[in-house]
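Below: the structure, in structure tokens.
In the numbering used here, the protein residues as written are 16 to 84.
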């Protein structure tokens with residue numbers, strides 16, 4: 016990710032955050048057959064969401080320091 020510019024990081028972070036939220040919110044409803052699987056999908060979605068937040072934070076940091084944007 017060293018070659019990624021700040022706008023790419025912002026877009027990637029937003030997409031990962033949206034996917035994480037959708038996974039945590041919607042997949043447990045679709046797979047309500049087992050409580051253990053519901054917890055797994057909620058945690059997996061939460062992890063993806065936090066990764067998205069980290070990428071967003073890094074993109075915001077780079078965007079603030081990028082003079083060419």
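Positions of the beta carbon are idealized from the N, C-alpha and C atoms, including for glycine.
Where do the N-terminal and C-terminal ends of the alpha helix (DSSP H) with residue i fall, by residue?
| i | result |
| --- | --- |
| residue 142 | Since the first residue shown for the chain is 16 and the last is 84, residue 142 is missing from the structure and cannot be characterised. |
Please state if the CB of residue j and the CB of residue i are separated by a distance shorter than 7 Å.
| i | j | result |
| --- | --- | --- |
| residue 38 | residue 67 | no |
| residue 74 | residue 25 | yes |
| residue 21 | residue 77 | yes |
Within 6 Å: the Cβ of residue i and any heavy atom of the ligand MG?
| i | result |
| --- | --- |
| residue 33 | Only the bare structure without any ligand can be found here, which leaves the ligand MG out of the picture. |
Assign residue i to one of two classes, buried (16 or more other C-beta atoms within 10 Å of its C-beta) or exposed (fewer than that).
| i | result |
| --- | --- |
| residue 84 | Low confidence applies to residue 84: its pLDDT is 47, below 50, so where it sits in the model is not reliable enough to give any reading. |
| residue 60 | buried |
| residue 16 | For residue 16, the predicted structure reports a pLDDT of 47, less than 50, and the residue's modelled location is therefore unreliable. A value from the coordinates is still provided. Label assigned to residue 16: exposed. |
Rounded to the nearest angstrom, how far is the Cβ of residue i from that of residue j, given a contact under 8 Å?
| i | j | result |
| --- | --- | --- |
| residue 70 | residue 27 | 5 Å |
| residue 36 | residue 64 | 6 Å |
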